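**Student:**
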Amino acid sequence: MATLQDQLRQDAASLQKFVTSVSDHCERRSGTAAYLEPSERLFSYIMKLAESTRSYLTRSLDLQLDLQNLLGLRKDVRILRAGWRFMHRFVKPALDADTLRLPSSLVLGLTARFREIPGFSDTEFVICHTDEFNYLNITLSKLKKQANYISESVGGPPFPDKLGLIGIPYSQASSIFMNCLIPHEMGHHVFGELHLVRTFQILIEKELIGRLGESKPQIVECLAYWAEEIFCDLFAVRLVGFCFCLAFVELYDVSMILDENSAYSPGRSVGLTEFTDYPPDLFRLRQQVSVLKQDRWWPHVEEIDSHYVRTLEAAGKLTEQDFKMPNLFNIDPGIILAAFFAIVPKISDKLDEITEGLKIETDEWQKNDQDISLYLQNGIVPSSLRSGGLTDDFIHPKPVSLLNASYKFYLQGLNLLISNIDGAKVDNKEDRVKWAKKVEMWTAKAIEDVMLMTGGFS
Amino acid sequence: MAVLTTKDFDERLKLPISDRSSLVITPPPSKDAFTEDSIDLRLGTHFLMPQIPPEPFIDPGATESAQNYLQLHAPLGGYFVLPAHQTVLGSTLEYIKLPFDVAGEILPKSSLARTFMMIETAPWVHPNYRGCLTLEIANASNTAILLYPGMPIGQLVLMGTSNDKCQNEEKQEPIQLSGSYIGSVYPEPPSLKQPQEMLSKIGINKYRRPGFGWVNNNKLRDEFEKARKALNPNENIAVQAIIQILSEQGCLPADSPALSVFK
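If you read the protein sequences in the order shown, they are chains A and B.
Just so you know, we're using this note's numbering here: the first sequence kicks off at 1 and counts up by one.
Just so you know, we're using this note's numbering here: the second sequence kicks off at 1001 and counts up by one.
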């Protein structure tokens, strides 16, 4: 029968094989694929951690260990394997998201904007693909915890600092407008980094005690989660403006709440006004509209001729009484909702506090919106406006202006572009798809150009 | 047809874009990229590398041309290796809008040409064109060449044309844009026409296709039509199914009239 040392050698070899198979994917990534710098950092970290794990196993097996230490090492091997199993989840989704399968320029532009938030000036984001049709924040704290546990056990490098992980649906790699939802996931990163869960849990506990005489952990957890989602929505609107709300309406088909006259129809809103494990879409939109109003986007948004905007308008007019929740906790849902509604203004306050000093881009967008629209209408990438001839006297609109102006153009100006194209018809679906895609490509190109012209690649 | 000079570039670049005579180049090249009679253009970040096709030849219109290329991206700051004796489709970094009365020609930078690299075999750019220019890059040398996106790769020479038709129209009225490759930001694969479409214009209705021999689509269409009329509805459905199978198996040319007659 094999000795404990022999069994351990077998287990260690098996673990090493597994670790190497993970790190090999990073090391031998396709020569034809390119990655953004944060992804490269993640791959490089995984390779170093794998090397440290291998060295640790070799060192440990070379030692003459007594029974107690051998048993300890066997436990270590098991825990390391669990840690590497967790790491395993992230490698392929990150490898799949090479620069051809990402809206690379948008990610760079959004990251640059994110870095304007005080305290986050050196944050980077690794974008991964997910097979869910949803945008996900990959809970970095769990990954970091596992990675650092492995690292401490094997004497490896610490997890790269200031790194966020975001998952985007693999099919949306080339879409610019849908990916305006990425800032919501950036909000989760802020929420996690600033430990806001605890902040809101304390506030919620107070509210519940005031109303119920006690605080129930299950309810606190649920309401804290709602608060996080609302915070991330508001954060996204603050960061990029109304394009986030339009993408939200589009992704979740919220415009179905409108009747044939583009008026709000409660009958069509079933499921969209009910708090469950998630805050309902219409409540989320209602809160987003409040930031649009606060940041002076709303008077301009209101004028956009689109059913997406009519949806926002309808959501903005809803009151707290329009929202319900089922009896999830055997406590009057009205009390729970009232406690949550009392927290909502505090979410906005927290947002204001965190984004204090962040320049709202409403004015910059307003100055350039018409020009960007005119460029798109003429089939031109809107990266250098109002040319000064051979001089450097150009206006390079910021990514936030480009995203909002282009989304607006996509909703109400596409017909103008299509009518400029020989043989294309505004009522032909295929033509609409083709030229909507072009508008997204021109916007992506414009963001890349602007990043280049303003030192974004330096 | 006069070659445009620095002064002309300056004047046309300053015009509002809705003016038909306006020139747009973005991202704008630095001032030293404008020489007396040309503008230096830089290499873009996307490439299409030709792949070994499933057939031992490229048959215009018969194969999906996009499938014959491997799409590659070298971000700004990265590089792309073009092996010896290889070709790749690239594009300019600059997106260009030509005036209605100006045509252009893109030529290789002389220093680059001396490394035996060619960038363009269809160098002419039509008036009103807008898009990044697709470059047919070929490394004719015996060694691999590194291509850095953002490096100067070609020079654009612009020439005035006497476009009387447009001169006489209202200047501010939008121009109808036409052409196969309008608005491209990345290199685009060729959109080749079916041989039948190209040849019938000059009266050639009968031509040879590899694997199918002589084809006369006009005659075939008549015969298929005649056959179809003799079929009852159930027979017609059965024939359609057979045609479908033959097409999927590659037993029919892509422009076979059987496909349109029995659709």
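Positions of the beta carbon are idealized from the N, C-alpha and C atoms, including for glycine.
Remember, predicted model here, so these are calculated numbers, not experimental data.
Does Gln1176 of chain B come within less than 7 angstroms of chain A when only Cβ atoms are used?
**Tutor:** Yes, its Cβ sits closer than 7 angstroms to a Cβ of chain A.
**Student:** Can you list, in chain order, the residues of the stretch 15-37 of chain A whose Cβ is nearer than 7 angstroms to any Cβ on chain B?
**Tutor:** Listed by position along the chain: Thr32 and Ala34.
**Student:** Specify the secondary structure class of Asp449 of chain A as computed by DSSP and reduced to three states.
**Tutor:** Helix, per DSSP.
**Student:** Under the three-state reduction of DSSP, which class applies to Ser1091 of chain B: helix, strand or coil?
**Tutor:** Looking at Ser1091 of chain B - three-state DSSP - the assignment turns out to be strand.
**Student:** So with CB distances below 8 angstroms, who are the chain B contacts of Tyr410 of chain A?
**Tutor:** Ordered by position in chain B, no residue passes the 8 angstroms Cβ test against Tyr410 of chain A, which lies about 14 angstroms from the chain.
**Student:** Can you give me the Cβ contacts of Phe200 of chain A inside the same chain, cut-off strictly under 6 angstroms, excluding the 5 residues immediately before and after it?
**Tutor:** Excluding sequence neighbours, Phe200 of chain A sits near Ala224 and Ala227.
**Student:** Name the chain B residues that come within less than 8 angstroms of Phe457 of chain A, Cβ to Cβ?
**Tutor:** Here the neighbours are Leu1076 and Gly1077.
**Student:** Ignore the nearest five residues each way along the sequence and tell me which others in Ala33 of chain A's own chain have a CB closer than 6 angstroms to its CB.
**Tutor:** Cβ within range, chain order: Asp98.
**Student:** Is any beta-carbon of chain A found at less than 7 angstroms from that of Arg1221 of chain B?
**Tutor:** Taking Cβ atoms only, chain A never reaches closer than 7 angstroms to Arg1221 of chain B, which makes this a no.
**Student:** Pick out whichever of A:Ser21, A:Glu124, A:Val190 and A:Tyr56 has its Cα sitting closest to the Cα of Gly36 of chain A.
**Tutor:** The question names Gly, yet the displayed sequence has Leu at residue 36 of chain A. Ranking the options by Cα distance to Leu36 of chain A, first place goes to A:Glu124.
**Student:** How do the stretch 194-210 of chain A and the stretch 148-162 of chain A stand: do at least 3 beta-carbon pairs fall below 8 angstroms, yes or no?
**Tutor:** No: fewer than three Cβ pairs fall under 8 angstroms.
**Student:** What residue range is occupied by the uninterrupted beta strand (DSSP E) comprising Leu42 of chain A?
**Tutor:** No beta strand (DSSP E) holds Leu42 of chain A; the alpha helix (DSSP H) holding it covers Glu37 to Asp62.
**Student:** Just curious, the alpha helix (DSSP H) that Gln294 of chain A is in, first and last residue?
**Tutor:** Asp281 to Gln294 is the span of the alpha helix (DSSP H), which, as asked, contains Gln294 of chain A.
**Student:** Does the beta-carbon of Gly455 of chain A have 16 or more other beta-carbons within 10 angstroms, so that it is buried, or is it exposed?
**Tutor:** Gly455 of chain A comes out exposed.
**Student:** Who does Asp1134 of chain B pair with in a DSSP beta bridge?
**Tutor:** The amino acid at residue 1134 of chain B is misidentified as Asp; the sequence shows Thr. In the DSSP output, where bridge partners are listed per residue, Thr1134 of chain B has B:Ser1091.
**Student:** Could you tell me which of A:Gly72, A:Thr391, A:Ile219 and A:Pro280 sits nearest to Pro333 of chain A, measuring between CA atoms?
**Tutor:** Of the candidates A:Gly72, A:Thr391, A:Ile219 and A:Pro280, the one whose C-alpha sits nearest the C-alpha of Pro333 of chain A is A:Ile219.
**Student:** Taking DSSP as the reference, what is the three-state secondary structure of Trp1124 of chain B?
**Tutor:** The answer is strand: DSSP assigns Trp1124 of chain B an E or B state.
**Student:** From the DSSP output, in three-state form, read off Tyr1207 of chain B for me.
**Tutor:** The answer is strand: DSSP assigns Tyr1207 of chain B an E or B state.
**Student:** Consider the Cβ of Leu102 of chain A: report whether some Cβ of chain B lies at a distance smaller than 7 angstroms.
**Tutor:** For Leu102 of chain A, the answer is no, since every Cβ of chain B falls outside 7 angstroms of its Cβ.
**Student:** Between B:Phe1034, B:Ile1058, B:Ile1182 and B:Ile1237, which has its C-alpha nearest Ala424 of chain A's C-alpha?
**Tutor:** Comparing Cα-Cα distances from Ala424 of chain A to each of B:Phe1034, B:Ile1058, B:Ile1182 and B:Ile1237, the minimum goes to B:Ile1182.
**Student:** Can you name the residues that DSSP bridges to Thr1026 of chain B?
**Tutor:** Partner(s): B:Tyr1095.
**Student:** Going along chain A, which residues have a C-beta under 7 angstroms from Leu1072 of chain B?
**Tutor:** The contacting residues are Thr32.
**Student:** So Gly109 of chain A contacts chain B; which residues on that side make the cut at Cβ distance below 8 angstroms?
**Tutor:** Going along chain B, no residue has its Cβ under 8 angstroms from Gly109 of chain A, so there is no contact; the nearest lies around 13 angstroms.
**Student:** Alpha carbon to alpha carbon, how far is Asn1168 of chain B from Asp1010 of chain B?
**Tutor:** Legend: pLDDT at Asn1168 of chain B = 49, less than 50; position of this residue unreliable, value from coordinates given subsequently. Between Asn1168 of chain B and Asp1010 of chain B, the C-alpha separation is close to 24 angstroms.
**Student:** Does the contact criterion of 3 or more C-beta pairs under 8 angstroms hold for the stretch 44-57 of chain A versus the stretch 112-120 of chain A?
**Tutor:** They do not touch, by the three-pair rule.
**Student:** Is Ala444 of chain A near Ser105 of chain A, with beta carbons less than 7 angstroms apart?
**Tutor:** Going by C-beta atoms, Ala444 of chain A is nearer than 7 angstroms to Ser105 of chain A.
**Student:** Spatial neighbours of Arg268 of chain A within its chain, please: CB distance less than 8 angstroms, with the 5 preceding and 5 following residues excluded, ordered by chain position.
**Tutor:** Excluding positions up to five away in sequence, the list reads Met256, Ile257, Leu258 and Asp259.
**Student:** What are the uninterrupted segments assigned as beta strand (DSSP E) that are 3 or more residues long and contained completely in the stretch 97-168 of chain A, given in chain order?
**Tutor:** Listed in chain order, they are 124-130.
**Student:** Out of B:Tyr1207, B:Gly1211 and B:Ser1141, point me to the one whose CA is closest to Asn1217 of chain B's CA.
**Tutor:** Closest by alpha carbon: B:Tyr1207.
**Student:** Could you work out which residue in B:Gly1044, B:Ala1258, B:Gly1077 and B:Leu1252 is closest to Gly1154 of chain B when comparing CA atoms only?
**Tutor:** It is B:Gly1044.
**Student:** Between the beta-carbon of Arg59 of chain A and the beta-carbon of Ala173 of chain A, is there less than 7 angstroms?
**Tutor:** Taking 7 angstroms as the Cβ cut-off, Arg59 of chain A and Ala173 of chain A do not qualify as a contacting pair.
**Student:** Shorter than 7 angstroms from the beta carbon of Lys429 of chain A to some beta carbon of chain B?
**Tutor:** By this cut-off, Lys429 of chain A is not an interface position.
**Student:** Between which two residues does the beta strand (DSSP E) harbouring Tyr1069 of chain B extend?
**Tutor:** Tyr1069 to His1073 is the extent of the beta strand (DSSP E) around Tyr1069 of chain B.
**Student:** Where does Met1049 of chain B sit, in a helix, a strand or coil, going by DSSP?
**Tutor:** In the structure shown, Met1049 of chain B sits in a strand (DSSP, three-state: E or B).
**Student:** To be precise: take each residue of the stretch 1033-1048 of chain B, compare its Cβ to all Cβ atoms of chain A, and keep it if any distance is under 9 angstroms. Which residues remain?
**Tutor:** Listed by position along the chain: Phe1034, Thr1045 and His1046.
**Student:** Going by DSSP, name the residue or residues bridged to Leu196 of chain A.
**Tutor:** Per DSSP, none; premise fails for Leu196 of chain A.
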